[in-house]
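Peer 1:
Residue numbers (our numbering): 35 to 156.
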């Protein structure tokens, strides 16, 4: 890791996590992206073939942002998911590659007949 976060801020609507690094690099990370790309074993599995597609998270909110040592934060979402520990490098990766990850997620939802809306199938 080349630098540490200088600011981590949750938007008032709880749907965007803003992170700025000491280098000046900053990202606005949507709660939906953070939830569906959670680094938890529940979402990622224990190898790439086990990754889960998590539907119904378009309106998800972040309830809490808690530090984990000096290397990460734990996010608690309004669906009570709280097992992902988001290291600084992972947050930076999501900031840099979030658009591509979101497109891949939307393609995966469509392929599986799932929706971003809670309780809906396509």
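Ideal placement from N, C-alpha and C gives every residue a C-beta, glycine not left out. Computed from a prediction, not measured in an experiment: that's the story for all the values here.
Which two residues bound the contiguous alpha helix (DSSP H) that contains residue 121?
Peer 2: Position 87 of the chain shown, counted from the start, is the residue given in the question as residue 121. Taken as a continuous stretch (DSSP letters only), residue 121 belongs to no alpha helix (DSSP H), being part of the beta strand (DSSP E) at 119–121.
Peer 1: Quick check: the Cα distance between residue 76 and residue 115, rounded to an integer number of angstroms?
Peer 2: One-based indexing of the chain shown puts residue 76 at position 42. One-based indexing of the chain shown puts residue 115 at position 81. If I take the Cα positions, the gap works out to 9 Å.
Peer 1: Could you tell me whether the Cβ atoms of residue 110 and residue 98 are closer together than 8 Å?
Peer 2: The count along the chain shown starts at 1 and reaches residue 110 at position 76. The count along the chain shown starts at 1 and reaches residue 98 at position 64. A contact, by the Cβ cut-off of 8 Å.
Peer 1: From which residue to which residue does the alpha helix (DSSP H) around residue 70 run?
Peer 2: Taking the chain shown and counting its residues from 1, the one referred to as residue 70 is at position 36. From DSSP, the alpha helix (DSSP H) with residue 70 extends over 65–70.
Peer 1: Starting from residue 43, follow its DSSP beta bridges and name the residues at the other end.
Peer 2: Against the chain shown, residue 43 aligns to sequence position 9. In the DSSP output, where bridge partners are listed per residue, residue 43 has 52.
Peer 1: Please classify residue 146: does DSSP put it in a helix, a strand, or coil?
Peer 2: Taking the chain shown and counting its residues from 1, the one referred to as residue 146 is at position 112. Three-state result, residue 146: coil.
Peer 1: In three-state DSSP terms, what is residue 82?
Peer 2: By one-based count along the chain shown, residue 82 stands at place 48. Residue 82 falls in the helix class under three-state DSSP.
Peer 1: Any idea which residues DSSP pairs residue 98 with across the strands?
Peer 2: As a working mapping, residue 98 is identified with position 64 in the chain shown. Paired residue(s): 110.
Peer 1: According to DSSP, simplified to helix, strand and coil, what is residue 115?
Peer 2: For this step, residue 115 is matched to residue 81 along the chain shown. The answer is coil: DSSP assigns residue 115 none of H, G, I, E or B.
Peer 1: Per DSSP, which one or two residues make a beta bridge with residue 134?
Peer 2: As a position in the chain shown, residue 134 is number 100, starting the count at 1. According to DSSP, residue 134 bridges with nothing at all.
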